[in-house]
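Which chain is which? The protein sequence lines are C and Y, in order.
Taken in order, the first sequence gives residues 120 to 447; the numbers are from the working numbering.
Taken in order, the second sequence gives residues 120 to 447; the numbers are from the working numbering.
We treat Cβ as the ideally placed atom computed from N, Cα and C, and that holds for glycine.
Have a look at the structure below before the remarks.
Number of protein chains: 2
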Amino acid sequence: MSLATVAAAAEVSISTVSRIVNGQTHRASRETIERVRGAIETLGYRPNQLGRALKRGESRVVAMLTANLNNPVMATVASSAEAALRAAGYVMILCDTHDRPELQDEYLKAMRSQAVQGYILVTNVKSPGLAEFVARGEPAVFACRRNPYASGAFVGIDNVGAGADAADYLWSRGCREPAVLFPAQSSSTIEDRLAGFSMRLLELGGRCSKAEAPGLSHLDVGYEAARSLLDRASLPQGVMCLSDQIAYGAHRLFFERGLRVPDDCVMVSIDGSTLSSWLAPWLTSVRVPYHEFGRHIVDLLGEIWRGEASGERILPHAFQSDVSSDFE
Amino acid sequence: MSLATVAAAAEVSISTVSRIVNGQTHRASRETIERVRGAIETLGYRPNQLGRALKRGESRVVAMLTANLNNPVMATVASSAEAALRAAGYVMILCDTHDRPELQDEYLKAMRSQAVQGYILVTNVKSPGLAEFVARGEPAVFACRRNPYASGAFVGIDNVGAGADAADYLWSRGCREPAVLFPAQSSSTIEDRLAGFSMRLLELGGRCSKAEAPGLSHLDVGYEAARSLLDRASLPQGVMCLSDQIAYGAHRLFFERGLRVPDDCVMVSIDGSTLSSWLAPWLTSVRVPYHEFGRHIVDLLGEIWRGEASGERILPHAFQSDVSSDFE
DNA sequence: AGTATCTTGGCAAACGTTTGCCAAAGCTGT
DNA sequence: ACAGCTTTGGCAAACGTTTGCCAAGATACT
Numbered sequence: 120m121s122l123a124t125v126a127a128a129a130e131v132s133i134s135t136v137s138r139i140v141n142g143q144t145h146r147a148s149r150e151t152i153e154r155v156r157g158a159i160e161t162l163g164y165r166p167n168q169l170g171r172a173l174k175r176g177e178s179r180v181v182a183m184l185t186a187n188l189n190n191p192v193m194a195t196v197a198s199s200a201e202a203a204l205r206a207a208g209y210v211m212i213l214c215d216t217h218d219r220p221e222l223q224d225e226y227l228k229a230m231r232s233q234a235v236q237g238y239i240l241v242t243n244v245k246s247p248g249l250a251e252f253v254a255r256g257e258p259a260v261f262a263c264r265r266n267p268y269a270s271g272a273f274v275g276i277d278n279v280g281a282g283a284d285a286a287d288y289l290w291s292r293g294c295r296e297p298a299v300l301f302p303a304q305s306s307s308t309i310e311d312r313l314a315g316f317s318m319r320l321l322e323l324g325g326r327c328s329k330a331e332a333p334g335l336s337h338l339d340v341g342y343e344a345a346r347s348l349l350d351r352a353s354l355p356q357g358v359m360c361l362s363d364q365i366a367y368g369a370h371r372l373f374f375e376r377g378l379r380v381p382d383d384c385v386m387v388s389i390d391g392s393t394l395s396s397w398l399a400p401w402l403t404s405v406r407v408p409y410h411e412f413g414r415h416i417v418d419l420l421g422e423i424w425r426g427e428a429s430g431e432r433i434l435p436h437a438f439q440s441d442v443s444s445d446f447e
Numbered sequence: 120m121s122l123a124t125v126a127a128a129a130e131v132s133i134s135t136v137s138r139i140v141n142g143q144t145h146r147a148s149r150e151t152i153e154r155v156r157g158a159i160e161t162l163g164y165r166p167n168q169l170g171r172a173l174k175r176g177e178s179r180v181v182a183m184l185t186a187n188l189n190n191p192v193m194a195t196v197a198s199s200a201e202a203a204l205r206a207a208g209y210v211m212i213l214c215d216t217h218d219r220p221e222l223q224d225e226y227l228k229a230m231r232s233q234a235v236q237g238y239i240l241v242t243n244v245k246s247p248g249l250a251e252f253v254a255r256g257e258p259a260v261f262a263c264r265r266n267p268y269a270s271g272a273f274v275g276i277d278n279v280g281a282g283a284d285a286a287d288y289l290w291s292r293g294c295r296e297p298a299v300l301f302p303a304q305s306s307s308t309i310e311d312r313l314a315g316f317s318m319r320l321l322e323l324g325g326r327c328s329k330a331e332a333p334g335l336s337h338l339d340v341g342y343e344a345a346r347s348l349l350d351r352a353s354l355p356q357g358v359m360c361l362s363d364q365i366a367y368g369a370h371r372l373f374f375e376r377g378l379r380v381p382d383d384c385v386m387v388s389i390d391g392s393t394l395s396s397w398l399a400p401w402l403t404s405v406r407v408p409y410h411e412f413g414r415h416i417v418d419l420l421g422e423i424w425r426g427e428a429s430g431e432r433i434l435p436h437a438f439q440s441d442v443s444s445d446f447e
């Protein structure tokens with residue numbers, strides 16, 4: 120079914136139907152408009168987005184490239200972005216790059232040939248394709264992780280501040296020499312959180328030991344980092360985990376070794392996922408408002424499309440207090 | 120950049136370039152082909168999928184409608200479907216219906232106007248739009264939850280059998296009168312698991328008490344169902360939770376009341392998400408191979424497109440034994 | 001030499017839209 | 001009666017593809 124079908128049913132030309140579909144009411148008589156609207160209604164016509172996109176040069180499709188959908192943080196951001204895009208009349212293509220540069224480049228090319236109108240990037244993996252992409256000035260918003268090639272549209276939190284808050288928390292709980300667990304594969308987010316944490320601790324007069332580990336997922340990272348920590352030194356009073364997932368991994372090792380959190384060792388992390396309040400009551404988290412990210416991402420995309428200079432959106436973080444507000 | 124650009128660069132006609140792009144090597148001389156390939160290479164040309172889709176009538180885009188991306192089960196299925204689609208040269212549009220009928224209908228219409236080539240549906244919410252959709256015979260594969268209007272392509276597990284396995288497990292642990300926790304909002308999956316569980320228990324000579332609760336998410340369901348259970352009767356030896364999320368919710372209530380799992384009460388569930396092995400070592404699960412779903416979904420879609428009668432794929436489930444195989 | 005076949009490649013229509021332009025008709029005012 | 005304006009609506013080109021058809025040249029066969 121196409122404009123032609125409707126036009127035939129209403130006995131007008133295709134152009135007339137097209138104009139009415141697009142709300143140009145001053146180009147046809149009231150009577151014609153009603154006839155056409157009736158035909159559209161009875162046929163259940165909806166304009167073909169392919170034809171429209173081809174002609175108009177805007178597809179109303181946005182691509183989201185995410186590092187790993189199985190990470191609940193990414194899933195939450197994807198979900199909130201999807202909802203915000205839908206509300207704005209867009210549709211989301213989801214691409215899971217698994218943080219692999221070749222796959223990322225492949226996706227960037229594929230999305231270009233899909234003529235997508237904008238990009239949401241949750242990645243900081245460098246790749247030749249991404250470098251060109253940024254250089255071409257494609258309309259993109261980075262979320263969680265900063266653009267590794269340039270500054271620009273970004274939605275995230277003040278990771279330095281969040282790290283500092285975690286340090287304050289541990290300090291207030293009496294930890295003077297906490298450990299910090301972090302992944303070998305770094306990123307702007309990780310670095311900032313780490314920097315904020317250790318700087319604040321230094322300011323306060325404390326010091327921290329660091330345990331780093333490689334790993335496919337932050338779960339593994341946490342587990343391995345905790346292992347190397349415990350194998351190397353005695354149990355610290357407190358442990359700072361740079362993400363919830365790292366905390367989960369670390370907790371697993373603690374559990375296996377019969378250590379109890381927070382009785383034997385306080386644990387703090389950054390992310391504050393909803394699941395933690397159910398499954399990890401032992402964990403204290405700096406809560407990041409991932410549910411809000413989508414709205415701001417779409418705002419920024421809008422600014423870019425309108426040609427406005429678009430900056431960063433740094434959203435507020437806080438210690439987890441009221442869980443209920445987590446649900447919309 | 121379009122075929123026209125390449126044609127100009129290679130000094131041939133648009134048709135010739137198009138044929139070469141599509142692998143018709145017998146319609147041009149070796150020399151011409153090389154010249155065209157060179158031009159494509161240097162320009163970095165990729166065919167515009169919009170034009171192609173419009174002409175060919177197949178968009179190589181598949182829509183996935185999922186009930187709630189924040190549910191890790193859905194996220195896993197989405198992730199595996201995305202990977203399988205990508206490998207087959209397709210692209211995935213993700214739609215989060217939040218199990219709301221109007222939103223589902225809105226998405227179905229929107230996807231139709233996007234000319235998507237196939238659908239992956241993780242829903243059993245009835246809606247007028249879905250009824251028409253099924254009646255039209257659109258190419259769709261249902262995953263996890265069965266088509267509420269007809270039989271047909273489906274990927275899932277034997278939920279009756281999984282329920283029975285859970286009953287066997289609790290029986291083997293000495294539970295003679297376990298409780299079962301389930302959501303008020305039912306579905307084929309829930310019903311089957313419940314039926315399999317209680318039938319097997321009856322066969323074995325046991326009986327079960329049931330606790331049902333409404334809730335936005337299964338986390339709430341588990342919490343509330345556990346509350347109503349404990350308020351009503353004494354603590355059973357074992358609790359069967361119809362999903363991992365229900366188990367998490369129930370555990371939270373148990374934790375608040377100072378009850379320990381599995382010391383005070385054995386808990387079993389169906390899903391076996393990766394996260395459980397990290398965060399919920401107290402939980403025993405029937406493991407569902409959600410990571411494999413994507414592959415089978417795409418297989419079935421292929422069968423449908425080729426016009427083959429496509430049936431159901433019932434994948435094997437098992438008790439969680441080796442966690443490591445969970446990762447690809 | 002004449003005919004048949006193969007190779008090479010271009011023309012043009014079509015997919016469903018949008019929109020600038022033109023034309024016919026209906027009006028007003030002189 | 002005629003110029004000028006508004007209303008109404010159609011024609012046709014364009015977006016980037018694909019593909020049936022035709023044509024010119026080359027080669028092979030009788």
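- Your pair G341(C) and R312(C) does not check out as a contact, with CB atoms roughly 14 Å apart and the cut at 8 Å.
- Around the C-beta of S291(C), fewer than 16 other C-beta atoms lie within 10 Å, and the residue is accordingly described as exposed.
- Residue environment analysis places W424(Y) among the exposed positions, since fewer than 16 neighbouring C-beta atoms fall within 10 angstroms of its C-beta.
- Look at Y164(C) here: in three-state DSSP terms it is coil, with no helix or strand label.
- With respect to the 8 Å criterion, S404(C) and D350(C) are not classified as neighbours on the basis of their beta carbons.
- Contact note: V155(C) does not reach chain Y at a C-beta cutoff of 8 Å; the least C-beta distance is about 18 Å.
- Annotation: the continuous alpha helix (DSSP H) that includes M193(Y) extends over P191 to A206.
- Of all residues in the segment 350 to 378 of chain Y, only Q364, Y367, G368, H370, R371, F374 and E375 place a beta-carbon less than 9 Å from a beta-carbon of chain C.
- Contact check between the segment 222 to 236 of chain C and the segment 389 to 400 of chain C: fewer than three CB pairs, one atom from each, fall below 8 Å, which does not count as touching.
- For I212(Y), the chain C residues whose C-beta falls within less than 9 Å of its own C-beta are V180, V210, M211, I212 and L213, listed in chain order.
- A residue is called buried when at least 16 other Cβ atoms come within 10 angstroms of its Cβ; L213(Y) meets this threshold and is buried.
- Relative to the Cα of L361(C), the nearest Cα in the group A352(C), I152(C), P408(C) and S305(C) belongs to S305(C).
- Only those residues of the segment 386 to 405 of chain C whose C-beta falls short of 8 Å from the nearest C-beta of chain Y are listed: T393, L394, W397, L398, A399 and P400.
- Here the C-alpha atom of E257(C) lies approximately 42 Å from the C-alpha atom of A128(C).
- In the DSSP assignment, V260(Y) falls within the beta strand (DSSP E) that extends over A259 to A262.
- For R231(Y), a Cβ of chain C is located within less than 8 Å of the residue's own Cβ.
- With contact defined as three or more Cβ pairs closer than 8 Å, the segment 196 to 215 of chain C and the segment 417 to 433 of chain C are in contact.
- Its Cα nearest to that of L402(Y), the residue F438(Y) stands out among E427(Y), G426(Y), F261(Y) and F438(Y).
- Taking a beta-carbon distance threshold of 8 Å, Q168(Y) counts as an interface residue toward chain C.
- When the five nearest sequence neighbours on each side are left out, the beta carbons in the same chain lying within less than 8 Å of the beta carbon of A314(C) are those of V279 and G282, in order along the chain.
- Listed along chain C is no residue with a C-beta nearer than 7 Å to that of S291(Y); the closest approach is about 25 Å.
- Distance between P381(Y) and R295(Y), taken at the CA atoms: about 16 Å.
- Shortest Cα-Cα distance from S336(C) to any of D218(C), R326(C), M359(C) and L348(C) involves D218(C).
- Legend: CB atoms of the segment 333 to 348 of chain C lying less than 7 Å from CB atoms of chain Y belong to residues L335 and L338.
- R165(C) has a beta carbon lying within less than 8 Å of a beta carbon in chain Y.
- Contacts with chain C (Cβ-Cβ distance below 7 Å) from the segment 181 to 196 of chain Y involve L188, N189, P191, A194 and T195, listed in chain order.
- Of the candidates S392(C), L184(C), N167(C) and G176(C), the residue whose Cα lies closest to the Cα of E177(Y) is N167(C).
- For the segment 247 to 260 of chain Y, there are no residues whose beta carbon sits under 7 Å from a beta carbon of chain C.
- With a cutoff of 8 Å on beta-carbon distance, V260(Y) and I416(Y) are scored as near each other.
- In the three-state reduction of the DSSP assignment, Y367(Y) falls in the helix class, which pools H, G and I.
- Scanning chain Y for C-beta atoms nearer than 8 Å to the C-beta of E130(C) yields nothing, as the closest lies near 24 Å away.
- Judged by DSSP in its simplified three-state form, R326(C) adopts coil rather than helix or strand.
- If you check the CB distance, Q143(C) and L184(C) do not come in under 8 Å.
- Residues of chain Y whose Cβ lies closer than 9 Å to the Cβ of E201(C) are, in chain order, L188, L213, C214 and D215.
- Put simply, the CB of A172(Y) is near chain C, with a gap under 8 Å to one of its CB atoms.
- Under the three-state reduction of DSSP output, V299(C) falls in the strand class.
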